[in-house]
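Novice:
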Amino acid sequence: MALQLAPNTFFRQSNKIVATRSLSTAAVDTSLDRAKSTEDYDRVLQTFANIRACAVLRTPTSDACPKAMQACIDGGFKIVEFTLTTPNCLDHLSNFREKYDGDVMVGCGTIMNTEDAERAVDAGAEFIITPVMLPDVIEWCAARNIVSVPGCQTPTELVSAYRAGAPLQKLFPGVTGGPMWVKAVSSALPMLSINPTSGVTLDNAGEYLRNGAASVGLVAPLFDPEAIANENWDQIAKNAETVMANVREVGPYVRK
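Under the numbering used here, read the sequence shown as residues 5 to 260, first letter to last.
#1: In chain order, what residues of the same chain have a beta carbon less than 6 Å from the beta carbon of R38, not counting five sequence neighbours either side?
#2: Go to S191, then tell me how far its alpha helix (DSSP H) extends in each direction, as first and last residue.
#3: Any idea if T51 is buried or exposed, counting beta-carbon neighbours within 10 angstroms, 16 or more meaning buried?
#4: Go ahead and pull the three-state DSSP assignment for S202.
#5: Using the C-alpha atoms, what's the distance from G178 back to V141?
#6: At the level of alpha carbons, what is the spacing between M73 and K103?
#7: Going by beta carbon distance, what residues of the same chain come within less than 7 Å of R214, once the five residues before and after it are set aside?
#8: So, at 7 Å on beta carbons, what are the nonlocal neighbours of W144 in its own chain, with the 5 sequence-adjacent residues on each side left out?
#9: Are the stretch 175 to 193 and the stretch 58 to 75 touching by the rule of at least three beta carbon pairs closer than 8 Å?
#10: Using 10 angstroms around the beta-carbon of N234, count the other beta-carbons present and answer buried if the total reaches 16, otherwise exposed.
#11: If you follow the alpha helix (DSSP H) that P139 is part of, which residue opens it and which one closes it?
#12: Just the Cα atoms here: how many angstroms apart are I232 and L206?
#13: What is the residue span of the beta strand (DSSP E) that K174 lies within?
#14: Have a look at L61 and G106 and give me their C-alpha separation to the nearest angstrom.
#15: Nearest-angstrom Cα distance between G169 and P200?
#16: What residues are listed by DSSP as bridge partners for T87?
#17: What residue from N208, W237, V163, S152 has the CA that sits closest to P70's CA?
#18: Starting from I132, follow the beta strand (DSSP E) in both directions and report where the run begins and ends.
#19: Could you check whether T90 and I115 sit closer than 9 Å to each other, using their CB atoms as the reference points?
#20: Per the DSSP calculation, L222 is bridged to which residue(s)?
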């Protein structure tokens, strides 16, 4: 049975959530290790709002990682995520951050604890992605003005991540209904900024954005495993061109 709230009740509860999050942001202690400025925090969020698509890379070998990521950047991606499941992930992340600093925003995924987050930030990660909703990582990031994007599967997890201090919420894994699910949830819970990852393809990325997603993440459809195995970097660049063209048609996201 669907939960129904009177309009005034909904907005009172929504405002309480917003107030809670605002107080958390205001309480950032810039003396903490690895703390970022509010300007840097805003820059990361605005880049997500402007670009709206992140390339999520995991490769079975270290050698393939920089070649695949270079191909997707050549194809037009401006936000990229290196995952800790890739051999020598942090070395590659550090190299790309140094090479593209200020042009391509670089983050780290498959973060499972605060120690992972520390190592990622030390390597140059500008944002943190977790595969599941980890309150300790969200709170560690929020206390330092570091943007975190935790993995969530249900509306309850999405709201819990938001209330813990995550400004973007990763929808993972994919859900039945895809874009229509995102539309329903984002309409009912407008304070959320949902980032679907699993289930997003080269062709439906724009559909997700038109139906309420703040941004999207591209994994296997962008980094086709067969193309990586065959070292067909041109195919990955073409995949990147295709999806970014679809994303640009939708335009920037209006931040909440």
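From the three backbone atoms N, C-alpha and C, an ideal C-beta is built for every residue, glycine too. These numbers come from a predicted model, not from an experiment.
Specialist: In short, the structure shows the following:
#1: On the sequence shown, residue 38 is found 34 positions in, with the first residue counted as 1. If the five residues before and after R38 are omitted, its C-beta is found closer than 6 Å to the C-beta atoms of V125, R148, all from its own chain and listed in chain order.
#2: Residue 191 sits at position 187 when you count from the first residue of the sequence shown. Judged by DSSP secondary structure, S191 falls within the alpha helix (DSSP H) whose first and last residues are 183 to 192.
#3: In the sequence shown, residue 51 corresponds to position 47, counting from 1. With 16 or more other Cβ atoms within 10 Å, it is buried.
#4: Counting from 1 along the sequence shown, the entry for residue 202 is found at position 198. Three-state result, S202: coil.
#5: Working through the sequence shown from its first residue, we reach residue 141 at position 137. Working through the sequence shown from its first residue, we reach residue 178 at position 174. V141 and G178: Cα-Cα distance of roughly 22 Å.
#6: Translated into the one-based positions of the sequence shown, residue 73 becomes position 69. Translated into the one-based positions of the sequence shown, residue 103 becomes position 99. The straight-line gap from Cα to Cα measures roughly 12 Å.
#7: Here the question's residue 214 lines up with position 210 in the sequence shown. Answer for R214: V254, listed in chain order.
#8: Within the sequence shown, the letter at position 140 stands for residue 144. In its chain, beyond the 5 residues on either side, T118, A121 have a beta carbon closer than 7 Å to the beta carbon of W144.
#9: With a cut-off of 8 Å, the stretch 58 to 75 and the stretch 175 to 193 do not count as touching, because too few Cβ pairs lie within range.
#10: To locate residue 234, count along the sequence shown from 1; it is residue 230. With fewer than 16 Cβ atoms within 10 Å of its Cβ, N234 is classed as exposed.
#11: Here the question's residue 139 lines up with position 135 in the sequence shown. Per DSSP, P139 belongs to the alpha helix (DSSP H) from 139 to 146.
#12: Start at 1 with the first residue of the sequence shown, and residue 232 comes out as number 228. Start at 1 with the first residue of the sequence shown, and residue 206 comes out as number 202. Distance between I232 and L206, taken at the CA atoms: about 17 Å.
#13: In the sequence shown, residue 174 corresponds to position 170, counting from 1. Segment 173 to 175, the beta strand (DSSP E) holding K174.
#14: Counting from one through the sequence shown, the residue named residue 61 turns up at place 57. Counting from one through the sequence shown, the residue named residue 106 turns up at place 102. Near 20 Å, if we compare the C-alpha coordinates of G106 and L61.
#15: Sequence index remark: in the sequence shown, residue 169 carries index 165 (1-based). Sequence index remark: in the sequence shown, residue 200 carries index 196 (1-based). Going by the C-alpha atoms only, they are around 18 Å apart.
#16: For the purposes of this step, residue 87 is identified with residue 83 of the sequence shown, where counting begins at 1. Paired residues: G113.
#17: Here the question's residue 70 lines up with position 66 in the sequence shown. In terms of Cα proximity to P70, the closest of N208, W237, V163, S152 is W237.
#18: Mapped onto the sequence shown, residue 132 falls at position 128. 131 to 134 is the extent of the beta strand (DSSP E) around I132.
#19: One-based indexing of the sequence shown puts residue 115 at position 111. One-based indexing of the sequence shown puts residue 90 at position 86. For the 9 Å CB-CB criterion, I115 and T90 do not form a contact.
#20: Sequence index remark: in the sequence shown, residue 222 carries index 218 (1-based). In the DSSP output, where bridge partners are listed per residue, L222 has A59.
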